[in-house]
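**Q** One structure follows; several queries about it will come next.
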Amino acid sequence: MNKAVRKLFAIAFAFAFFLTSPPTLKSQELLPGGRIWGNFQLEAQYYFSDSLIGAPEVPEKILMNGFGNLNFSYQGFTVGMRYESYQNPLLGYDPRYQGSGIPYRFASFSQENLEVTLGNFYEQFGSGMVFRTYEERDLGVDNAMDGLKLVYRPVDGVSMRGIIGRQRLFFDTGPGIVRGFDAQVDLNSVVPSLVESQNQWSFGGSAVSKFQRDQNPLYNLPENVAAFSGRLNFSRGAVSISSEYAHKINDPSAENNFIYKDGHALLLNASYAVSGAGLLLSAKRIDNMGFRSDRNATGNDLNINYLPPTTRQHLYSLSGMYPYATQPTGEIGFMGELNFSLPRETPLGGPFGTSVTINYSLANSLHKERVHDTIPVGQRGTKGYRSDFFRLGDEKFFEDINIEINRRFSRTLRALFSYAYITYNQNVIEGYVDKEMVYAHILIADVTHRLPQRRSIRWELQHLSTRQDNQNWAMAMLEYSIAPRWFFAVSNQYNYGNDDRDLRIHYYTLSGGYSRGGNRISLSYGKQREGIICVGGVCRQVPASNGFTLNVSSSF
Amino acid sequence: MKKTIAFITFCFAFTFYTAGQSQSSLPELTIKTLQGRDVSTATLENQGKPFVVSFWATWCRPCLKELNAIDDIYHEWQDYGFKLIAVSTDDARTRANVLPMVMGRSWDYEFYLDENGDFRRAMGVNNVPHTFILNGKGEIVYQHTSFSDGMEWDMFDKLIELLEDNE
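What follows is the structure in structure tokens.
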């Protein structure tokens, strides 16, 4: 951030604080309607090295990620900033986060039908397939724009957005400039004869382009790359259908091995939902649709768009062991999910009712053909490949069939049972070359007993069986909570089936936490396998480690 | 740099000191109904009775536990005229799941989508579930992050307290 901008924000904040609420004066008298809010979060870990589980020696012993947001608004005017500090970044986070600073600050105002944002912002066009900036701090993802955003709503039901700027790259911004425009029309609000209609129609379109200089000595690379998308949504009663198609001009990049091929993406969702039952069907086709504001970027850096995976996000540690990630270079995916409830006081539903979720998803490769007899598929510097829109490739990336039953047996006993069968292509999803396809069966029981005085005991038993990867796992967890403030938990994940006897490791964890109002503090000790963990009411993504972890979170 | 840090520390100390001194209303932003229509958060209310605004997501297990637990006693909440407004923070990946899931579970809450996270950020929400209780005037009087079983009764007690204060 340059000095002038920093000064400007410092003045704006000082001004805001001066006006809002010096403790001796009542804020309402000075600036009625002024509001200050924000949040704070800190995670610190003390590490023990543990070569067996892959937790390395950490020279600093203690690592910490922390941030705080501070915002002020008065009438239509808002200023805000986020201070972030990584001293040094926790294991599993990109080391380029090292340091401290204010990578996010903005000022915005809205007047009549116009909203203007200066500085950093998050925005999404449609389902995000041509433009989405967002933050997912647990994953270390933040591709916020730094620039200008305008939103204009000329009449009810019509909105137009324009954006320009560069994207955040750790404590800097990326080399490319991103420009975009989006319009959305809710037809039933705009056309008077449709106001009362049961058929609800809306549509929208986006155009986004990036500019990055070509300094490549070998190839003549496009400096401006544009992407377009159109979307159409319809609903009538219980039926909803949404669709979006995106097209991107050829964009040779490190991600697609510098091929000169246009990109396409199609996303379709159809649902039928009535009280007691809901069905969702999704289909998706993605072809060479990686879009970043630096053609050399990899990993999670500088993504301009977001390609949603159409698979179920599992919520337990063993069912979440093999999660799917979208393959931007090409995939076809399908998902179906049925949710229904069996009513209370029926033979099947039991005295308190039962809910059931059945889900199936598949992600598969595209069928790719050579563009010329002498050119292999995906050859650098060529048009890459040809692909038939409706034809599946012969490689399966991921498949998942699962069922979950959630039943309340009595006033004090509630249980969830789940089974999943997951097929997971390690080579494609994790980037290996010679690993086997994983076929895993996962069984889960999650049981909660309510005790008097708002106390409860919850236990989980999970089992994962597979002949591949690390073979079988078992997991047990016991949690005691005193609502609304305290929880204590102990858990163990045991890789008992591992072929290598030395790797039959117990990943045990002890944890406890206290929350009050918007504040929450928790401390845990143990070994952590890489994955998603949910204890005591909050879910996070964590890397492999061994040691103490302190979490403090506060909202005000 | 040192000056910046000192300044920020001051701001935070100041904010913590002043936080909670005044009761604020919901910020005014645009969210969407499950059918995709724009709605202003300024219109969220409960006809002069206290209500709850809860941020959740279809992929968040404690959130589902919370919504299930409240559902078990929701008829009692409704007898008093209380209401739960559930704001989904699901993104493009799971947004389409929200409607079939909430209908399939027969939840009787008022649902909205906050796909871009504007409302969540404007409420200072770090993690879900994060629950706010508002009085009949629409002022935020209490908030809580995370969920454990039994908390639905705490919320119920607080709502009744607010109702009595009102009367």
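Protein chains in written order, with our numbering: chain A, 2 to 557; chain B, 40 to 206.
Built from N, CA and C at the ideal position, the CB exists for glycine as well.
Kindly list the residues whose CB is nearer than 7 Å to the CB of VAL539 (chain A), restricted to its own chain and excluding five residues on each side of it in sequence; keep chain order.
**A** With a pLDDT of 36 at VAL539 (chain A), under the threshold of 50, the modelled position of that residue is not reliable, and no figure is offered here.
**Q** Is it the case that the Cβ atoms of LEU465 (chain A) and SER362 (chain A) are separated by a distance below 9 Å?
**A** No, the pair does not count as a contact, with Cβ atoms beyond the cut-off.
**Q** Would CYS535 (chain A) count as contacting chain B if we go by Cβ distances under 9 Å?
**A** Caution is warranted here: a pLDDT of 35 is assigned to CYS535 (chain A), below 50, making its placement in the model unreliable, and no coordinate value can be reported.
**Q** Given that a residue counts as buried once 16 or more other Cβ atoms are within 10 Å of its Cβ, and exposed if not, what is ARG468 (chain A)?
**A** By the 10 Å Cβ count, ARG468 (chain A) comes out exposed.
**Q** Let me see if you follow: with CB-CB separation under 9 Å, is LEU103 (chain B) close to chain A or not?
**A** With 9 Å as the cut-off, LEU103 (chain B) counts as an interface residue toward chain A.
**Q** Can you tell which of A:VAL372, A:PHE171, A:LEU524, A:ALA274 has its C-alpha closest to the C-alpha of LEU339 (chain A)?
**A** Among A:VAL372, A:PHE171, A:LEU524, A:ALA274, the Cα nearest to that of LEU339 (chain A) is on A:ALA274.
**Q** Using DSSP with H/G/I as helix, E/B as strand and the rest coil, what is ASP435 (chain A)?
**A** DSSP places ASP435 (chain A) in coil when its eight states are reduced to three.
**Q** Using the rule of at least 16 other Cβ atoms within 10 Å of the residue's Cβ for burial, across every protein chain shown, is ASP501 (chain A) buried or exposed?
**A** Looking at its Cβ environment, which holds fewer than 16 other Cβ atoms inside 10 Å, ASP501 (chain A) is exposed.
**Q** According to DSSP, simplified to helix, strand and coil, what is THR82 (chain B)?
**A** In the structure shown, THR82 (chain B) sits in a helix (DSSP, three-state: H, G or I).
**Q** With distances taken from CA atoms, which of A:TYR307, A:ASN520, A:GLN529, A:SER554 is nearest SER546 (chain A)?
**A** It is A:GLN529 whose Cα lies nearest to the Cα of SER546 (chain A).
**Q** Report the three-state DSSP secondary structure of LEU53 (chain A) (helix, strand or coil).
**A** In this structure, LEU53 (chain A) counts as coil in the three-state DSSP scheme.
**Q** Do you know how far the Cα of TYR119 (chain B) is from the Cα of ILE404 (chain A)?
**A** Approximately 36 Å, taken between the alpha carbons.
**Q** Using a Cβ-Cβ distance cut-off of 9 Å, determine whether PHE557 (chain A) contacts chain B.
**A** Taking Cβ atoms only, chain B reaches closer than 9 Å to PHE557 (chain A), which makes this a yes.
**Q** Quick one: grab the DSSP three-state call for ILE250 (chain A).
**A** Of the three classes helix, strand and coil, the one that applies to ILE250 (chain A) here is coil, per DSSP.
**Q** Count the other CB atoms within 10 Å of the CB of LYS176 (chain B); is the residue buried (16 or more) or exposed (fewer)?
**A** LYS176 (chain B) is exposed by the Cβ-count criterion.
**Q** Measure the C-alpha to C-alpha separation of PHE410 (chain A) and ALA184 (chain A) and round it to an integer number of angstroms.
**A** The alpha-carbon atoms of PHE410 (chain A) and ALA184 (chain A) are separated by roughly 50 Å.
**Q** Looking only at its own chain, which residues have a Cβ that is under 7 Å from the Cβ of ASN114 (chain A), when we skip the five neighbours before and after it?
**A** Contacts found: TYR153, ARG154, PRO155.
**Q** How many Å lie between CYS535 (chain A) and SER318 (chain A) at the Cα?
**A** Bear in mind that a pLDDT of 35 at CYS535 (chain A), under 50, signals an unreliable position, so the model cannot answer this.
**Q** Does DSSP put ASN428 (chain A) in a helix, in a strand, or in coil?
**A** Here ASN428 (chain A) sits in helix by DSSP.
**Q** By how many angstroms is the C-alpha of SER50 (chain A) removed from the C-alpha of LEU504 (chain A)?
**A** In a straight line, the C-alpha of LEU504 (chain A) is about 16 Å away from that of SER50 (chain A).
**Q** May I ask you to list the residues that DSSP assigns as paired with GLN185 (chain A)?
**A** Answer by DSSP bridge pairing, in chain order: A:SER160, A:GLY205.
**Q** Take every Cβ of the region 185 to 203 of chain A, pair it with every Cβ of the region 165 to 176 of chain A, and state whether three or more of those distances are shorter than 8 Å.
**A** Contact between the region 185 to 203 of chain A and the region 165 to 176 of chain A is absent, because fewer than three Cβ pairs lie under 8 Å.
**Q** Is SER554 (chain A) helix, strand or coil by DSSP?
**A** Reduced to three states, the DSSP call for SER554 (chain A) is strand.
**Q** If distances are taken between C-alpha atoms only, which option among A:GLN88, A:LEU303, A:VAL357, A:ALA477 comes closest to SER254 (chain A)?
**A** Nearest C-alpha to SER254 (chain A): A:LEU303.
**Q** How is the alpha helix (DSSP H) around TYR113 (chain B) delimited, first residue to last?
**A** Looking at the DSSP string, the run of the alpha helix (DSSP H) that includes TYR113 (chain B) is 100 to 118.
**Q** Interface residues of chain B around PRO352 (chain A) at Cβ under 7 Å?
**A** Going along chain B, no residue has its Cβ under 7 Å from PRO352 (chain A), so there is no contact; the nearest lies around 12 Å.
**Q** Checking 9 Å against the spacing of the C-beta atoms, do ASP374 (chain A) and GLN427 (chain A) come in under that value?
**A** No, they are not a contact pair.
**Q** Within this structure, are the beta carbons of ALA271 (chain A) and VAL240 (chain A) separated by less than 9 Å?
**A** Result yes, Cβ atoms of ALA271 (chain A) and VAL240 (chain A) sit closer than 9 Å.
**Q** Looking at TYR87 (chain A) and ASN70 (chain A), is the spacing between their C-beta atoms short of 9 Å?
**A** It is not a contact, given that the beta carbons lie outside the stated cut-off.
**Q** Taking only runs that begin and end inside the region 356 to 425 of chain A, name each unbroken beta strand (DSSP E) of 3 or more residues, in chain order.
**A** Within the region 356 to 425 of chain A, the complete beta strand (DSSP E) runs of at least 3 residues are 393 to 409.
**Q** Under 9 Å, Cβ to Cβ, is there at least one residue of chain A near ASP157 (chain B)?
**A** So yes, ASP157 (chain B) belongs to the interface.
**Q** How would you list, in chain order, the residues of chain A whose beta-carbon sits under 7 Å from the beta-carbon of SER145 (chain B)?
**A** Simply SER276, GLY277, SER342.
**Q** Under three-state DSSP, which class holds ALA441 (chain A)?
**A** In this structure, ALA441 (chain A) counts as strand in the three-state DSSP scheme.
**Q** So LEU308 (chain A) and MET130 (chain A) are in contact, right, with Cβ under 8 Å, and what is the actual spacing, rounded?
**A** Confirmed, about 6 Å.
**Q** Which bits of chain B does PHE488 (chain A) rub up against, with CB to CB less than 7 Å?
**A** Near PHE488 (chain A) (Cβ distances below 7 Å), the residues of chain B are SER187.
**Q** Looking at chain B, which residues of the region 457 to 477 of chain A have a Cβ within less than 8 Å of any of its Cβ atoms?
**A** Flagged, chain order: SER457, ARG459.
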